[in-house]
Every structure is written in C-alpha cells, then in structure tokens.
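Numbering-wise (our numbering), the sequence shown opens with residue 39 and increments by one. Backbone N, C-alpha and C define an ideal beta-carbon position, used for all residues, glycine too.
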Amino acid sequence: MKVLIVGAGIAGLSMARLLEKQENINYTIIEKKASMSTLGAGIALPFNALRALKTIGVFDAVMAQAHQVKEILYTKSNGKILGQANLTSAPFENDHFVALQRSELQGILAAGLEDNIHYSTELTSVNNQAKGVSVESSNAQVTGDYDLVIAADGINSTIRTLQYSATPTLYNHNLTGWRFIVKAPNHQLQPTYMLGNTDIFMAYPLNEDELYCYAHIHQENKFHKLTGDAKTDIKHIFSSYAEPAKSIIEAIDDQEIITGELKSVTEARFYKDRIVFVGDAANACSPLLQQGAAAAFEDVIALAKTLKDGGINLEQYKTARKSRIDWIINFSDKPLASVKKMDKAIVRFIRNTVIRILGPMNVFGWKKLATNPDLANKD
Ligand SMILES: Cc1cc2nc3c(=O)[nH]c(=O)nc-3n(C[C@H](O)[C@H](O)[C@H](O)COP(=O)(O)OP(=O)(O)OC[C@H]3O[C@@H](n4cnc5c(N)ncnc54)[C@H](O)[C@@H]3O)c2cc1C
Numbered sequence: 039m040k041v042l043i044v045g046a047g048i049a050g051l052s053m054a055r056l057l058e059k060q061e062n063i064n065y066t067i068i069e070k071k072a073s074m075s076t077l078g079a080g081i082a083l084p085f086n087a088l089r090a091l092k093t094i095g096v097f098d099a100v101m102a103q104a105h106q107v108k109e110i111l112y113t114k115s116n117g118k119i120l121g122q123a124n125l126t127s128a129p130f131e132n133d134h135f136v137a138l139q140r141s142e143l144q145g146i147l148a149a150g151l152e153d154n155i156h157y158s159t160e161l162t163s164v165n166n167q168a169k170g171v172s173v174e175s176s177n178a179q180v181t182g183d184y185d186l187v188i189a190a191d192g193i194n195s196t197i198r199t200l201q202y203s204a205t206p207t208l209y210n211h212n213l214t215g216w217r218f219i220v221k222a223p224n225h226q227l228q229p230t231y232m233l234g235n236t237d238i239f240m241a242y243p244l245n246e247d248e249l250y251c252y253a254h255i256h257q258e259n260k261f262h263k264l265t266g267d268a269k270t271d272i273k274h275i276f277s278s279y280a281e282p283a284k285s286i287i288e289a290i291d292d293q294e295i296i297t298g299e300l301k302s303v304t305e306a307r308f309y310k311d312r313i314v315f316v317g318d319a320a321n322a323c324s325p326l327l328q329q330g331a332a333a334a335f336e337d338v339i340a341l342a343k344t345l346k347d348g349g350i351n352l353e354q355y356k357t358a359r360k361s362r363i364d365w366i367i368n369f370s371d372k373p374l375a376s377v378k379k380m381d382k383a384i385v386r387f388i389r390n391t392v393i394r395i396l397g398p399m400n401v402f403g404w405k406k407l408a409t410n411p412d413l414a415n416k417d
C-alpha cells in the first residue's frame, strides 16, 4: 500500500512512527516548511495523550523530558480559589499529566524519521478518487499515484479546504490568544488557570524554573482596546491580576510571544474517498481540554489499526473515532460561545458557581473521557 502523509507535525510524525512498523505499507511524508523548526512555547499533555504515546512507542522518551504535574487550580483574577483537583487519585492513579516544550515533543516524534521527510514540499494538485489519489508536487519524487493520502496538515489544512470547498471548514471564536514561556526560578506552582472577565491567564510548569503561559481575551471586550502589540496588550489586561500572573507579566519583556486567534473546525472530518484526515486537519478545537495532541495520537492509532490487515476501510476509522471526537469538540468549544458575556457580573457568577460545584472544567472533562464507556474509541 502506497501512502502519502501531508504534514510533519504532531499527527503526521506519530502516523509515520506507526506505519514504520507495518511492512505492507510504503509511506512518504512531506512538510511545507524547510526544517523541523516549531513555533516555541509549550504543550500540556493530559492522561490520554500519555496512554497513546505508549502505543506510539515514545512514552519513556517524553517522560524523560517532560515535567509531571499533580493538581489543577482555577482561581479568580484576584487569586481567590474557585476549584482545585488532584490528578493522582482515581480515575487517574496510574496516569500522568505533563508539559514540555513543543520543540522537544516534535524532536522525539521525529527521531529516526528525518531521512524520510521531504521538506519544503507541497502538493500542487490533488485528484482524489474512489480507488486512489493522484498528486502533483513541486518535488518530482512525490508526484505520483497513492492508495491513500493522510492529511495531517494542521488546523488550516489546505487539503481539507480543497476537498470541502463549497462550505467553510473553520470558524473563529473572536478570541485573541498569546503563548509564551517565562523563567520563574523555583516557582513551586501547579497548573493555575486565572479567570477574569472575557480574559483568562494560565501558567503551566515546564520544569522547576520555567512556566508555559497562555492568555486570551475576547476581541469585543468592554474594557480593553487591543493595540495589536502583544506585550502592550498583555501588560494592560493582566497587570491587575493577582499572583502568579502579576510577577509573570513583569518578566515578559524578553520573551518571544506567539499571538493567534482561536479557531475550530465547523465539524469533524474523517475521510473523503481516499483522503483521510487526522489531528487538527480533522478535528481542531479550543484548547480547553488540551486534547489537540491526544486527539492526534488517538486518531493515528485508530487509523493504523484499520490499515493493519492490508485493507483500506476508512468508515471503520470514522466509526472508531466519531463519538469521542464529537464530544471533545463540543465540550471544548461550547463554553467559548459565552466568553463575550463574561463582562456581565451575573454571567461570571454563574460560571464561578459551576466551577465551585464541578471543580476545574478540564479535569471534569478528562474524568468523563476516562470513565464514560460511550466516549471510548469503538474498536
Ligand atoms: C493556543 C493553543 C494552545 C494549545 N495548547 C495545547 C496543549 O496544551 N496541549 C495540546 O495537546 N494541544 C494544544 N493545542 C492544540 C495543538 O497545538 C494541536 O492540536 C496540534 O499541534 C495538532 O497537531 P497536527 O500535527 O494536527 O497539526 P500541526 O502541529 O499544526 O502540524 C501540521 C504540520 O503540517 C505542515 N503543513 C501545513 N500545511 C501543509 C501543506 N499544505 N503541505 C505540507 N505540510 C503542511 C505544517 O507546517 C505543520 O508542520 C493548542 C492550540 C492552540 C491554538
């Protein structure tokens, strides 16, 4: 079976690692960038990402570089605790929750595959038919016919956009977000989410002395006119926050900050004829549950399983993933529809009361993913 993987990100590299083990599959992987360089910042991996990494074969390598966390804390912007959850008790007593630099994760996934990746390579035409896909590429080695094309080309997937050209496949949450890493010697923090009005601030330890931070605000908030300069905007919005945000904000001057808008797919896409979607190309959604990498890992494991017997049964892949993915997207994106209303005291009161009762929302969601049999992959 001749397979083309488009995109050497988290999903594409994990897919390649699994296909390496399948003798009946001859795969090629292409990447539009010139090298493995990744945008900085960190990545948090919850329990199911680590479980999947065991199957992908790089669990030990990730654990050797990652920082393990033990609890999650949600506070108000003034530091008052709203909810707290332990990550070492049932149903997670045998699990791990970690964070590491994105470049480290990508490096681990790419190790040993570098010679198989065609960099600076994109497709110039894609002819998708019931029995196979003919592609043309700027790189003559890639041009040809494939039994299967795996679209792992991320949230802005060109392949998804071309295959579903009649309708938009992404929508915008109108949230401007920032990601960065700060030095915070001996911070002694566990992951802390501080909730303001339409703004939130997260600090997630990467090691004893560094924090991965994420912050966002609704673009139509009443109190802050965004200037477009990340550092100015972050200082303006978050300098009134209590610790730990306060000290972190004071230390951002030398940091590289990644600014972006939060977007999600309009619906999960699994396959069309002989093109199959994995990772963000299939199911990008808000990072509330930090399921981006986990979903990519689980997608490629499910897909590799369906390819194992030599057949191409993409409906089986869709059946395996659909209910779990639809639930993840809904859980991750639904609260974002109310963010704009958070500048009203009554709406914040409702949000805070829900968190006081249920605990941190991401932990609530992770528990459902871990224990609800209806949300398991359908093997
Ligand atoms: C603000 C924010 C915070 C997040 N935090 C977390 C987190 O803490 N934990 C988590 O698990 N997830 C998180 N995510 C989600 C996570 O980043 C993604 O789910 C994950 O990167 C998806 O991996 P992927 O391989 O599908 O896509 P990507 O990582 O985007 O990789 C796609 C690859 O395809 C390449 N490519 C694109 N187009 C083409 C083309 N036409 N031809 C060839 N190559 C192409 C790209 O260059 C890239 O290398 C976050 C997302 C956001 C926006």
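- For V385, the CB contacts under 7 Å within the same chain, skipping 5 residues up- and downstream, are S376 and K379 in chain order.
- Between the region 109-126 and the region 228-235, the count of Cβ pairs shorter than 8 Å is three or higher; the stretches touch.
- Rounded to the nearest angstrom, the Cβ distance from N224 to E246 is 6 Å, consistent with a contact under 8 Å.
- Secondary structure note for T162: its beta strand (DSSP E) is the uninterrupted segment L161 to Q167.
- Runs of beta strand (DSSP E) with 3 or more residues, each lying fully within the region 190-224, are found at 208-221, listed in chain order.
- Secondary structure note for E288: its alpha helix (DSSP H) is the uninterrupted segment A283 to E288.
- The beta carbon of I275 sits closer than 7 Å to those of D237, I255 and H262, all from its chain and outside the five residues before and after it, given in chain order.
- Under the Cβ criterion (8 Å, minimum of three pairs), the region 55-65 counts as touching the region 335-344.
- Relative to ligand 1, P223 has its C-beta separated by 6 Å or more from all heavy atoms.
- G298 has G215 as its beta-bridge partners, per DSSP.
- The count of Cβ pairs closer than 8 Å, one atom from the region 312-326 and one from the region 180-193, reaches three, so the stretches are in contact.
- Relative to ligand 1, even the nearest heavy atom lies 6 Å or more away from the CB of G403.
- Closer than 6 Å to some heavy atom of ligand 1: that does not describe the Cβ of Q103.
- Taking the Cα of N368 as reference, the smallest distance to any Cα among K346, N321 and N116 is reached at N321.
- At a cut-off of 6 Å, the beta-carbon of Q328 counts as near ligand 1: some heavy atom of the ligand is closer than that.
- By the criterion of a C-beta distance shorter than 7 Å, T181 is surrounded in its chain by V173, E174 and S175, once the five residues flanking it on both sides are discounted.
- A148 is not a Cβ neighbour of M39, given a cutoff of 7 Å.
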